[in-house]
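Whatever position you read off the sequence shown (first residue = 1), add 147 for this note's numbering. First comes the structure, then the notes that go with it.
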Amino acid sequence: MVEIQILEKTDDFMRFIVRGVNIPFVNALRRIMLTEVPAMAIDEIIILENSSILSDEILAHRMGLIPLKTDLDSYNLPEECKCGSELGCNLCRANLTLEAEVTDKTRTVYSGELKPENPDIAPVSDKIPLVKLAPEQRLKLEAYARLGKGKKHAKWQPVSMCTYMYLPEVKIDSERCDACGKCVKVCPEEIFVETEGGIKTQNEIECTLCMDCVDACPKEPPAVEVSWDEKAFIFKIESTGALPVERIVVEAVEILDKNIKDFRKQVEKGIKK
Ligand SMILES: [Zn+2]
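Right, dumping it as structure tokens:
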């Protein structure tokens, strides 16, 4: 039975424990979140005017990397869109425009100056610096954002972090431990506390499995034992802001489910032949 326990959750960050699964399963989920869950990113730019010091290519690259809020329900992946057009249509392309000019003082142009046609597809943050403009310099461009996948380009990754680790287990053998306190000092996560009844553990979940406590223990064999549960993992996911973090997880599960169903269909088709 799979069991999930949410430890922390905000709009952009989630940390949870998954129990009852194995490494291939959690790694499949991690890889799908990184490479297969679509997100919006600027994919094509028409530069009408650029007299800044940045070349068109560098500017285009910087703009491609701006995380954009993504509306997965209203847009199609270009390769799956019925329009079949190379330029795209309203269902597979979102337009943004940028016009900036400086007359007297040098200033920085930020992502907030990008004007989206659809407010649902706008930069996640309006404080990303794009370029500095000096007096008399101008910038005018049209940008086309499209859905894409991280496996083609990292700008389409909906996550800025997606990792898992084994759920740690820290045990102290109270009979052999003489409460010297070396492990308390060395642990970077402050897992150990000195109490009147000897050394105790707290927040074991924060253990990074660095094993410094085991090395620091003067007893032979050490009185501290650090191990992990092979069927439980702590997952940490941070969204770029493109999608709510829980949506990324749900989409990943759906993609995995679809891949397995496709696999099954192919097997059945192969047998019938
Ligand atoms: Zn289309």
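Where is the CB? At the ideal position from N, CA and C, for every residue including glycine. Keep in mind it's a predicted model, so treat the numbers as computed, not measured.
Query                                                                                                           : Result
Spatial distance of Leu168 from Lys296 (CA atoms)                                                               : Contrary to the premise, residue 168 reads as Val rather than Leu in this sequence. Straight-line Cα distance between these residues: approximately 26 Å.
Any non-hydrogen atom of ligand 1 within 7 Å of Gly235 CB                                                       : yes
Own chain partners of Thr217 with C-beta closer than 6 Å, once the 5 adjacent residues on each side are dropped : Ala186, Met187, Ala389, Leu390
Spatially closest choice to Glu353 from Pro365, Asn406, Cys334, by CA coordinates                               : Cys334
Ala370, enclosing beta strand (DSSP E) - first and last residue                                                 : Run containing Ala370: none; DSSP gives neither H nor E here.
Residue range of the unbroken alpha helix (DSSP H) whose run includes Cys360                                    : 359–363
Helix, strand or coil at Cys309 according to DSSP, with G and I counted as helix                                : strand
Sequence-distant residues of its chain with Cβ nearer than 7 Å to Arg177 (five each side left out)              : Cys309, Tyr311
Cβ shell of Lys279 (< 8 Å), same chain only, five flanking positions each side left out                         : Ser199, Ile200, Thr253, Arg254, Thr255, Val256
Cβ separation of Leu238 and Ala290, assumed to be a contact under 8 Å, to the nearest whole Å                   : So it is not a contact: roughly 18 Å between Cβ atoms.
From Glu341, Lys332, Gln349, Glu377, residue whose alpha carbon lies closest to that of Val361                  : Lys332
Identified DSSP bridge partners for Ile151                                                                      : Val165
Asp325 (DSSP reduced to helix, strand or coil)                                                                  : coil
C-beta contact flag for Glu248 and Arg285 at 8 Å                                                                : yes
Cβ-heavy atom distance, Asn242 to ligand 1, below 7 Å                                                           : no
One or two residues paired with Pro263 in a DSSP bridge                                                         : Leu243
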